[in-house]
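For reference, the structure is listed below as structure tokens.
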Amino acid sequence: MVRFEQYSGVLFDLHGVIADSSQYHLQAWHQLADELEITWTPKLAATLLGMNRQESVATILTAGRKLDQYSDAQQAELGERKNKMYLDIISHMSPADVLPGIIRFLDELQANHYGIVLASASVNAPLEIHKMQLEKYFPLIVDPSTLTRNKPDPEIYVRAASMLNLPPKACFGIEDSKPGLAAVNGSGALSVGVGSRAEIATAQVRFSSTASLTLAGIQQQLVAKQEQAD
1 MVRFEQYSGV LFDLHGVIAD SSQYHLQAWH QLADELEITW TPKLAATLLG MNRQESVATI
61 LTAGRKLDQY SDAQQAELGE RKNKMYLDII SHMSPADVLP GIIRFLDELQ ANHYGIVLAS
121 ASVNAPLEIH KMQLEKYFPL IVDPSTLTRN KPDPEIYVRA ASMLNLPPKA CFGIEDSKPG
181 LAAVNGSGAL SVGVGSRAEI ATAQVRFSST ASLTLAGIQQ QLVAKQEQAD
């Protein structure tokens, strides 16, 4: 039986959960694709969500049938070029970029003594947290450069839980994408999805937006699931 009281840690994705900064990543990738004369499509944009930089470069080159034209070193250079574009874009980030309801939810978590860790695949996550003035909530951030596997592998969530000295089963993992939720579910943490119904169908607890995200809401859904199981 799953009990709400067994949870004492909350593991957050960044893009689409704390801020809608995925739009800035896509903007930079779009610029790179244009430079490479590769057609940018909504399907390509959706495919890139949740990928790390190296995977994204390979995906864009594959879409343009140009993958074999670039060595690994050249692909790494393309990734760096995109990152410079991205850093220029997010130089204008501010607390206004925090999604609705997130500050309230973070305050609620701290007031109830939950441990909090950021589990983002982006190496720029600390900078984004700084720009949005959220450091007091996220003293703990997983360094994705130390991981061997990216989402949907659960490694990042296992690592995040370990930073709280907790097993994943004692944590919520909050995500907005299929790969991210696969990572949470694979780790054994309770998956909390926010966003479109299609993207969060595999989440154990679901919210249509961050504005409705509360501890009471998570508890209510868990109780309802337990009653259905009984």
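Here my numbering is used: the first residue of the sequence shown is 1, the next is one more, and so on. All C-beta atoms in this analysis are idealised placements derived from N, C-alpha and C, irrespective of residue type, glycine included.
Below 8 Å on the Cβ atoms is my guess for residue i versus residue j; work out the distance and round it to an integer in Å.
{"i": "residue 8", "j": "residue 114", "result": "6 Å"}
{"i": "residue 185", "j": "residue 210", "result": "In fact, because the Cβ distance is near 20 Å, the residues do not count as touching under 8 Å."}
{"i": "residue 232", "j": "residue 82", "result": "Any answer about residue 232 is impossible in this case: the structure gives the chain only from 1 up to 230."}
CA-CA distance, residue i and residue j?
{"i": "residue 139", "j": "residue 206", "result": "26 Å"}
{"i": "residue 178", "j": "residue 194", "result": "11 Å"}
{"i": "residue 221", "j": "residue 19", "result": "24 Å"}
{"i": "residue 12", "j": "residue 175", "result": "7 Å"}
{"i": "residue 142", "j": "residue 148", "result": "13 Å"}
{"i": "residue 30", "j": "residue 40", "result": "6 Å"}
Return the first residue and the last residue of the beta strand (DSSP E) that residue i is part of.
{"i": "residue 187", "result": "No beta strand (DSSP E) contains residue 187, which is instead part of the alpha helix (DSSP H) from 178-187."}
{"i": "residue 207", "result": "205-207"}
Tell me the DSSP bridge mates of residue i?
{"i": "residue 192", "result": "174 and 205"}
{"i": "residue 15", "result": "19"}
{"i": "residue 9", "result": "115 and 171"}
{"i": "residue 200", "result": "None; residue 200 has no bridge partner."}
{"i": "residue 141", "result": "118"}
Hey, quick one: how far does the alpha helix (DSSP H) through residue i stretch, first residue to last?
{"i": "residue 101", "result": "It is not in any alpha helix (DSSP H) - residue 101 carries neither H nor E in the DSSP assignment."}
{"i": "residue 158", "result": "155-163"}
{"i": "residue 44", "result": "42-48"}
{"i": "residue 96", "result": "Unbroken run through residue 96: none, as it is neither H nor E."}
{"i": "residue 79", "result": "72-90"}
Comparing the CB of residue i with every heavy atom of the ligand PLP, is any distance shorter than 7 Å?
{"i": "residue 104", "result": "In terms of ligand content, the structure shown is empty, and the ligand PLP therefore cannot be addressed."}
Use the C-beta contact count for residue i: other C-beta atoms within 10 angstroms, 16 or more gives buried, fewer gives exposed.
{"i": "residue 123", "result": "exposed"}
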